[in-house]
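First residue of the sequence shown: 215, per this note's numbering; consecutive thereafter.
Think of the CB as a built atom: it goes at the ideal place given N, C-alpha and C, for glycine as much as any other residue.
Treat the numbers as computed from the prediction; the structure is a model and nothing was measured.
See structure below.
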Amino acid sequence: MRFLKHVLAALSISLMAAGAQAAPDNPQNGVDYRTLDKAQQTDSGKKVEVTEFFWYSCPHCNALEPDLVAWVKKQGDNINFKRVPVAFRDSMVPQQKLYYTLEAMGKLEELHAKVFNTIHVQKKRTDTDAEITDFVVKNGIDKAKFLEVYNSFGIQSKVKRAAQLAQAYQIDGVPLLAIDGRYLTSPSIVAAGIGNKPEPVLHAATLQVADWLVNKSKQGK
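Now the structure itself:
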């Protein structure tokens with residue numbers, strides 16, 4: 215009986231050690247984050263580039279948004295933060311065009327959160343060209359001016375570039391954070407290490423890993 219207790223105690227310590235190794239405060243490559251085989255070029259100078267790949271209709275992207283915004287604010291001048299809307303299928307392209315059109319018209323800061331709210335809180339579809347146009351008009355944007363930008367060559371070029379980035383970064387799900395053009399982490403990646411926890415726990419763990427990766431990248435600059 216005493217021997218069994220010793221075995222169980224040793225096993226418990228071993229499991230705790232294994233858990234500690236996978237914990238976000240000691241991130242492990244291949245567990246808490248992934249490293250790209252080919253690092254992508256960034257243009258952030260001495261700052262660390264952090265890019266969120268997202269989709270407006272993704273409930274997990276919506277859930278992460280407030281925590282991510284707070285994290286970006288906390289980072290201050292440490293990072294250059296960017297977003298890239300992704301499209302895993304053609305029906306997702308209109309929301310890519312919405313993001314880039316709002317950005318081009320200087321309306322992104324005002325309406326980015328409202329897009330999430332309209333889709334996930336108000337439960338209003340904002341997927342098609344018509345639904346998107348209705349959304350922006352209701353939010354005070356001139357229809358003709360919006361459509362001129364929305365259907366422009368410049369926006370088409372940004373959508374094409376987003377597809378290239380998603381491929382280069384091997385994006386297979388969202389939300390996902392890319393740090394310094396080489397490291398990837400996300401709630402789903404972190405969950406593989408700490409287990410299937412509630413979303414707030416996974417968000418905190420993801421951003422803790424992102425903190426660590428930002429610091430790691432900054433030391434290399």
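DSSP-derived helix/strand/coil call for residue i
{"i": "Lys337", "result": "coil"}
{"i": "Leu312", "result": "helix"}
{"i": "Ala377", "result": "helix"}
{"i": "Asn429", "result": "helix"}
{"i": "Val415", "result": "helix"}
{"i": "Leu290", "result": "Before going further, note that residue 290 is Gly rather than Leu in the sequence given. Reduced to three states, the DSSP call for Gly290 is helix."}
{"i": "Gln370", "result": "helix"}
{"i": "Gln235", "result": "Only weak support exists for where Gln235 lies, its pLDDT of 41 falling under 50; the value from the coordinates is given anyway. Of the three classes helix, strand and coil, the one that applies to Gln235 here is helix, per DSSP."}
{"i": "Asp257", "result": "coil"}
{"i": "Ala301", "result": "coil"}
{"i": "Asn276", "result": "helix"}
{"i": "Met319", "result": "coil"}
{"i": "Thr332", "result": "helix"}
Cβ-Cβ distance between residue i and residue j below 8 Å
{"i": "Tyr397", "j": "Leu427", "result": "yes"}
{"i": "Lys321", "j": "Ile346", "result": "no"}
{"i": "Phe295", "j": "Val388", "result": "no"}
{"i": "Val329", "j": "Thr340", "result": "yes"}
{"i": "Pro238", "j": "Val373", "result": "no"}
{"i": "Thr399", "j": "Asp291", "result": "no"}
{"i": "Val298", "j": "Leu379", "result": "yes"}
{"i": "Ile403", "j": "Val300", "result": "no"}
{"i": "Leu312", "j": "Asn353", "result": "no"}
According to DSSP, residues forming a beta bridge with residue i
{"i": "Tyr270", "result": "In the DSSP output, where bridge partners are listed per residue, Tyr270 has none listed."}
{"i": "Phe295", "result": "Val264"}
{"i": "Thr420", "result": "Beta-bridge pairing links Thr420 to no other residue."}
{"i": "Ala392", "result": "Thr265, Leu398"}
{"i": "Tyr247", "result": "Asn243"}
Integer Cβ distance of residue i from residue j, believed to fall under 8 Å
{"i": "Leu282", "j": "Glu266", "result": "7 Å"}
{"i": "Tyr383", "j": "Gln254", "result": "7 Å"}
{"i": "Thr256", "j": "Pro308", "result": "The Cβ separation is near 28 Å, so there is no contact."}
Residue i CB to nearest heavy atom of the ligand COA below 7 Å
{"i": "Asp291", "result": "No copy of the ligand COA occurs in the structure displayed, which carries no ligand at all."}
TODO: Check whether the stretch 388-397 touches the stretch 251-266, counting contact only when three or more Cβ pairs, one atom from each stretch, lie closer than 8 Å.
DONE: yes
TODO: Please determine if the stretch 317-331 and the stretch 359-366 are in contact, where contact requires at least 3 C-beta pairs separated by less than 8 Å.
DONE: yes
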